[in-house]
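Reading through the structure tokens given below for one structure.
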Amino acid sequence: METLLSVRSLRVNFRLDKDTNFEAVKGISFDIPNNATVALVGESGSGKSVTSLSILGLLPKENATVLPGSEILYGGRNLVELDQGELRRLRGADISMIFQEPMTSLNPVFTVGFQLTEVLRLHLGLSPSDARKRAIALLAEVGIPDPDFKINAYPSQMSGGQQQRVMIAMAIACEPKLLIADEPTTALDVTIQKQILDLIHDLQKRRQMSVLFITHDLAVVGEIADYVVVMRNGEIREQGPAKAVFENPQDAYTKALLLCRPRLDRRPVRLPVIEDFMTGDGQAMHLNERKRGIDAADPIILDVRHLGKDFYSREGVFGRRKFEAVKDVSFKLPKGKTLGLVGESGSGKTTVGLTLMRLHEASAGEALFEGKDILSMSPRQFMDYKRRIQIIFQNPYASLNPRMIVGQTLTEPMTIHGIGASAQERTNLAFELLHKVGLPEVSFYKYPHEFSGGQRQRIAIARCLTLKPDILICDESVSALDVSVQAQVLNLLSDLQDEYHLSYIFISHDLAVVKYISDEIMVMNQGAIVEIANSDDIYRNPKQPYTQKLLSAIPKGWHHGN
């Protein structure tokens, strides 16, 4: 196959301070063939995004250097040696990129039509009316409904999946030969993720372009890639045709990435993590199965009846429009068990969690916690229960105070709720919790920005545990994590449940994860419950078309026979 772009001995250095350098990419080489999809796979910090930014010449000038001897060969030229003007002509026209977070890449003050036509006029020199026609055609091509109307919308008026489609429309506007997609589906629902993957796959075939697809999830790769390049710590561990890499991975790290994901056909007591495989005992440890499911005899800790939550938006001068975010939701949560809550964005999952926490006031219904309705209590009465029902948010960085060291974050709730007789006792408790969530004692004295995403999520879990809660609501709390870190956090949640007999409401759009950790699963759509059943039953025999649609969207690429 003819090669479109070749990376040869690429090395990228970052200057951390005047004495310290860090080599993020360590002499890697790979090819991107014409009319093919190459997946660049690895965990956070493996050097994937740095590699893609090097191709486009978008590395930060102040502290990143592509070292001499590195070559990125495209069209007979070494891109590393081009000046900014030449690179700018290449970007968008020949090589374009879709970034991970569409909301930060789209300008919120301009309509999507303005942003699209700007690209077309700048690179292709189209007149305003031709650019607008072309923009509408592009929006239609990427599957945006009613493109004549949507071209006048602002990014904030679109869903996450639609914003990502607009980004793809902008990226393909000038018919590039190479499309770089950097984690384009990480934060999306499984159904939207499937649509975006199918869209990229179809565009690649239809336009006969090449795609460099960057992801940390090997599951996704099996659906889309012709070739796979696996990276770790700035080096390539393995590369080859996707089929060969999946069916017969040679490197221990590739095997680990494939096996860390929860599987749908079994539920080991502990999920394997990367380290298990690097030391060679990954397979043996994880043979015992964990039993899940709910029994009629299980004692109920939370009984939610006919829960409703309405939001109102202004309409006209005096009018207001009612939006029912949660409609007549009833369920029971047994002690020491996990209720999985699944559905697409906007289905009301998070609103249920926030309403039970009283961060939203309920519009209807009751929630009986050991027989007492926590939704109708006065704030004073609820204070005693607040300690016992805690939430772990999706983004730990946004929920941890950047000005407080971890020690203060952990001891402050204990002080407020009168846990521990003295400051020393609270500090000792905090050390104990850090140990429990697998962090060293020195973490007590550090700030949130000094930790990785997975470590911050552990701190958020430790903070919830300071109050010895009975119920933990986990709101998408593993969705943005690498597969191995996700396995560690799921193992931690299972251990804590075994030890403290905690009850979880586990909200997620990742159905493989929900199946692994849940005893019972509740499927929601547009604010209402579609189906509720034991987790194994829902996967084996989904009753409702909506549930069947969600399950059919799970990426199947990561292991065979399932």
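Numbering (the numbering used here) for the sequence shown: -4 to 557. All residues carry an ideal CB built from backbone N, CA and C; glycine is no exception. These numbers come from a predicted model, not from an experiment.
Less than 8 Å separating the beta-carbons of residue i and residue j?
i, j, result
"P263", "E233", "no"
"V161", "Q483", "no"
"I187", "G156", "yes"
"A357", "L370", "yes"
"F9", "A59", "yes"
"I209", "L35", "yes"
"L485", "V473", "yes"
"S92", "L51", "Per the sequence presented here, residue 92 reads as Met, with Ser not at that position. Yes. Within cutoff."
"M226", "S100", "no"
"D465", "R383", "yes"
"Q450", "L434", "yes"
"Y442", "I414", "no"
"L74", "V7", "no"
"A214", "R256", "yes"
"L506", "A457", "no"
"S151", "P97", "no"
"S530", "R287", "yes"
"A166", "L111", "no"
"D177", "S47", "yes"
"S39", "S447", "yes"
"S489", "I512", "yes"
"D221", "T345", "no"
"L476", "Q452", "yes"
"P171", "D78", "no"
First and last residue of the beta strand (DSSP E) that includes residue i?
i, result
"E233", "E230 to P236"
"A34", "T32 to V36"
"N147", "Segment: none, N147 is in no beta strand (DSSP E) and carries neither H nor E."
"V7", "T(-2) to R10"
"S91", "I90 to I93"
"R316", "G314 to P329"
"Y222", "Y222 to R227"
"S49", "Per DSSP, S49 belongs to no beta strand (DSSP E); it is in the alpha helix (DSSP H), K43 to L51."
"M517", "E515 to N520"
"P28", "N16 to P28"
"V264", "That residue, V264, is in no beta strand (DSSP E); it is neither H nor E in DSSP."
"S39", "Here S39 belongs to no beta strand (DSSP E), and DSSP marks it neither H nor E."
"T333", "T333 to V337"
Compare the Cα-Cα distances from residue i to each of the options and report the closest residue.
i, options, result
"I500", "L119, M517, D493 and N486", "M517"
"F605", "V432, P257 and A247", "Residue 605 cannot be examined here, being either before or after the span of the chain that is shown, -4 to 557."
"I231", "Y534, A507, D78 and S24", "S24"
"Y495", "I411, D470 and K330", "K330"
"V61", "A88, E178, Y380 and S4", "S4"
"E427", "G64, I454, R382 and I549", "I454"
"I27", "R129, V223, A166 and G37", "V223"
"K381", "A359, M409 and Q403", "M409"
"L497", "G229, G338, Q245 and D514", "D514"
"I468", "V478, D260 and I387", "I387"
"V137", "L254, Q159 and S417", "Q159"
"L334", "T106, V509 and A88", "V509"
"S154", "I512, F105, G341 and K43", "G341"
"G343", "H211, M519 and N147", "M519"
"N30", "S547, R83, L173 and A523", "L173"
"D212", "L252, R72 and A148", "L252"
"F326", "I527, R116, P63 and R83", "I527"
For the alpha helix (DSSP H) that contains residue i, what are its first and last residues?
i, result
"F446", "Taken as a continuous stretch (DSSP letters only), F446 belongs to no alpha helix (DSSP H), as it is neither H nor E."
"G415", "Where G415 is concerned, there is no enclosing alpha helix (DSSP H), given that its DSSP letter is neither H nor E."
"K304", "K304 -> not in any alpha helix (DSSP H); beta strand (DSSP E) instead, spanning I295 to E310."
"Y534", "S530 to R535"
"F109", "V107 to L119"
"G80", "Q79 to L85"
"Q483", "V478 to Y495"
"R156", "Checking the displayed sequence, the identity of residue 156 turns out to be Gly instead of Arg. It spans G155 to I167 - the alpha helix (DSSP H) in which G156 sits, taken as one unbroken run."
"F501", "Taken as a continuous stretch (DSSP letters only), F501 belongs to no alpha helix (DSSP H), being part of the beta strand (DSSP E) at S498 to I502."
"P540", "P540 to S547"
"T249", "A247 to L254"
"L194", "V185 to R202"
"E218", "L213 to I219"
So is residue i in contact with chain E if we call contact Cβ pairs under 8 Å?
i, result
"I146", "Here there is only one protein chain, and chain E is not present."
How close, in whole Å, do the beta carbons of residue i and residue j come, if the pair is a contact with beta carbons under 8 Å?
i, j, result
"L198", "T180", "That belief does not hold up - the Cβ atoms of L198 and T180 are roughly 14 Å apart, past 8 Å."
"D298", "L363", "4 Å"
"H444", "P397", "6 Å"
"E471", "Q389", "4 Å"
"G87", "H118", "5 Å"
"A548", "K189", "4 Å"
query = Would you call the stretch 4 to 21 and the stretch 188 to 206 touching, i.e. three or more CB-CB distances under 8 Å?
reply = no
query = Are the stretch 300 to 310 and the stretch 320 to 327 in contact at 8 Å, needing three or more beta carbon pairs?
reply = Flag = yes, the stretch 300 to 310 and the stretch 320 to 327 touch.
request  = Decide if the stretch 531 to 546 is in contact with the stretch 306 to 313; the criterion is three or more beta carbon pairs, one per stretch, under 8 Å apart.
outcome  = no
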